[in-house]
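> Counting from 1, one number per residue, gives the positions in the sequence shown under UniProt numbering. Here a beta-carbon is modelled for each residue, glycine too, at the ideal position from N, C-alpha and C. Bear in mind that the values here come from a model prediction, so they are computed numbers and not experimental data. Take a look at this one; I'll ask things after.
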Amino acid sequence: MTGLDVHGLQKRYGSVAALTNCNLRVEPGQLVGFLGPNGAGKSTTMRAVMGLITTDGGSVTWNGQEITPDVRRRFGYMPQERGLYKRMRVHEQVAYFGRLAGLDKSTANSRASALLDRVGLAERADDEVQELSVGNQQRVQLSVALVHEPEFLVLDEPFAGLDPLAIDVLREMITEQTRNGIGVLFSSHQLELVQELCREVVIVDEGHTIGSGVVDDIRARSERRMLQVKWADDVSPAAQEQWTPDGMLERVVDPSGRTTFRVPATSDPSALMAAASTVGTVVTFRFEPPSLDEVFSELVAYGRRDREQVDRQQVDRQQPDRGADDREQASS
Numbered sequence: 001m002t003g004l005d006v007h008g009l010q011k012r013y014g015s016v017a018a019l020t021n022c023n024l025r026v027e028p029g030q031l032v033g034f035l036g037p038n039g040a041g042k043s044t045t046m047r048a049v050m051g052l053i054t055t056d057g058g059s060v061t062w063n064g065q066e067i068t069p070d071v072r073r074r075f076g077y078m079p080q081e082r083g084l085y086k087r088m089r090v091h092e093q094v095a096y097f098g099r100l101a102g103l104d105k106s107t108a109n110s111r112a113s114a115l116l117d118r119v120g121l122a123e124r125a126d127d128e129v130q131e132l133s134v135g136n137q138q139r140v141q142l143s144v145a146l147v148h149e150p151e152f153l154v155l156d157e158p159f160a161g162l163d164p165l166a167i168d169v170l171r172e173m174i175t176e177q178t179r180n181g182i183g184v185l186f187s188s189h190q191l192e193l194v195q196e197l198c199r200e201v202v203i204v205d206e207g208h209t210i211g212s213g214v215v216d217d218i219r220a221r222s223e224r225r226m227l228q229v230k231w232a233d234d235v236s237p238a239a240q241e242q243w244t245p246d247g248m249l250e251r252v253v254d255p256s257g258r259t260t261f262r263v264p265a266t267s268d269p270s271a272l273m274a275a276a277s278t279v280g281t282v283v284t285f286r287f288e289p290p291s292l293d294e295v296f297s298e299l300v301a302y303g304r305r306d307r308e309q310v311d312r313q314q315v316d317r318q319q320p321d322r323g324a325d326d327r328e329q330a331s332s
C-alpha cells in the first residue's frame, strides 16, 4: 500500500467530537480535494496527518507504515492559519523553513530564490512578510511548503482569498507536483475549482466521511439531473414558460434565456428532447448530472438526516420499557 491512508480517525475536544469516523486515501500523483462545511473536521484531519495534534482513535499511515517525525519532514504543509513570521523578510523566511526541513544553507537559498521567481515575488524578496497582501502571503506559504521538494503535500484552503491570476499560478504549481508523482491533499470551499482540478474527492461533515471517489461517479450517483434547454429566438417566452418536463423538481432561467430544469435521474433524455421540440426549435439541449457543488449539498443533507435517524434510534433503545414496569407492578 503506497501513499497516505487515514482510517477511522477520531478526535474529541472535551465533549465535542471533532472527528468521529474520518477515512481517506491519497496515492502518489493523486490530487484529492478534501471538502466539507466549516467545522466539518478538515483542518483537524490535516493537523493529525502532520502530527500537530494527537488523536483518540483510528490510524494515519504512509506507505503502510506509521508516520515517524523523519517521514513528516518530507511532507509539505500549508496551514489555513498561514504560519509565517510577519517581520521576517520573504526570501529569508522561505530559506529558513528549507533549513528546518534539512537543506543546507546554499540549497535552501537557491531553492527559495527559484520558488519566489516562480510565484512572481522575486522583486519582493527583501520585503517583510507583513508588507505583502493576503494573496502574496499565500504565495510565500506555498513556497515554504515546496522548498524542500516534499514527497507529499497537505494544503489547507490554498486558494482562499486569491485573485484569478494568483489562482492560476498556484493551480499550475500544484498540478505540476502531481505530474512529478507527488500526492496532494487540499481542502477548499471553491467547488467549481475542485471539479476542474480533481479526479477524486473526499467529503466530510460533522467528523464523518460521507462520500469519496471519482468526481464524475459521485455526480452520477445523484438522484437528480440538470436539463438545460434553449429554444430558437422565434419561440415566444410565453410558450417556453408553459412547457414543463415530466417530473420537474425546479425551474431556473438564467440571464441568457437558457432554462435549467432539475428532473429525476430516471428521466428519459430522448423523451424530454422530443417533448421540448413540440414547443419549437431547440438550439441547446443538455442532460447531465448536477455539479459537484450541488451534489455536495445533497450529500451533506442526506448524511445529517441519516445520522439524526441513528441518534433517535439509539435514544429510543435507551428509554426504559415503561410497559414492562407496569406489568411487573401489576403482577406483584
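#1: For D156, count neighbouring C-beta atoms within 10 Å of its own C-beta (all shown protein chains included) and say buried if the count is 16 or more, exposed if not.
#2: First and last residue of the beta strand (DSSP E) that includes E27?
#3: Under 7 Å, do T260 and Q240 count as touching if we go by C-beta distance?
#4: If you draw a straight line from the alpha carbon of S267 to that of Q138, how long is it in whole angstroms?
#5: Please tell me whether A95 and A108 are closer than 7 Å, where the distance is taken between their beta carbons.
#6: Have a look at R327 and V26 and give me their C-alpha separation to the nearest angstrom.
#7: Please report whether the beta-carbon of G247 lies at a distance below 7 Å from any beta-carbon of chain D.
#8: Verify whether the separation of the beta carbon atoms of S187 and F34 is less than 7 Å.
#9: Do P289 and S222 come within 7 Å of each other at the CB atom, strictly closer than that value?
#10: Can the beta-carbon of K105 be found closer than 7 Å to that of D56?
#11: Determine the burial state of S332: buried for a count of at least 16 other Cβ atoms within 10 Å of its Cβ, exposed for fewer.
#12: State the Cα-Cα distance for the pair L249 and V235, rounded to the nearest angstrom.
#13: Is it buried or exposed for N38, if we count other Cβ within 10 angstroms and need 16 for buried?
#14: Use the C-beta contact count for K42: other C-beta atoms within 10 angstroms, 16 or more gives buried, fewer gives exposed.
#15: How is the alpha helix (DSSP H) around residue 338 delimited, first residue to last?
#16: Start and end of the beta strand (DSSP E) containing S133?
#17: Quick check: V215 and V201, are their CB atoms within less than 7 Å of each other?
#18: First and last residue of the alpha helix (DSSP H) that includes D70?
#19: Alpha carbon to alpha carbon, how far is A160 from M226? Give it in angstroms, no decimals.
#20: Using the Cα positions of T54 and R47, report the straight-line distance between them to the nearest angstrom.
#21: Under the three-state reduction of DSSP, which class applies to G303: helix, strand or coil?
#22: Going straight from the alpha carbon of T175 to that of E192, what length do you get?
#23: Would you tell me roughly how many angstroms separate the C-alpha atoms of D270 and F285, rounded to the nearest one?
#24: Is DSSP giving S188 helix, strand or coil here?
By the coordinates alone:
#1: buried
#2: Run containing E27: none; DSSP gives neither H nor E here.
#3: no
#4: 45 Å
#5: yes
#6: Model confidence at R327 stands at a pLDDT of 49, short of 50, so the residue's coordinates are unreliable; what they give is reported in the following sentence. Computed Cα separation, rounded: 57 Å.
#7: Among the chains of the structure shown, chain D does not appear; only one protein chain is present.
#8: yes
#9: yes
#10: no
#11: Low per-residue confidence applies at S332: pLDDT is 48, beneath 50, and the placement is therefore not dependable enough to give any value.
#12: 23 Å
#13: exposed
#14: buried
#15: This structure cannot settle anything about residue 338, because the visible part of the chain is limited to 1 through 332.
#16: From DSSP, S133 is part of no beta strand (DSSP E); its letter is neither H nor E.
#17: yes
#18: 69 to 72
#19: 28 Å
#20: 9 Å
#21: helix
#22: 16 Å
#23: At residue 270 the sequence reads Ser, which differs from the Asp that was named. C-alpha separation (whole angstroms): 10 Å.
#24: coil
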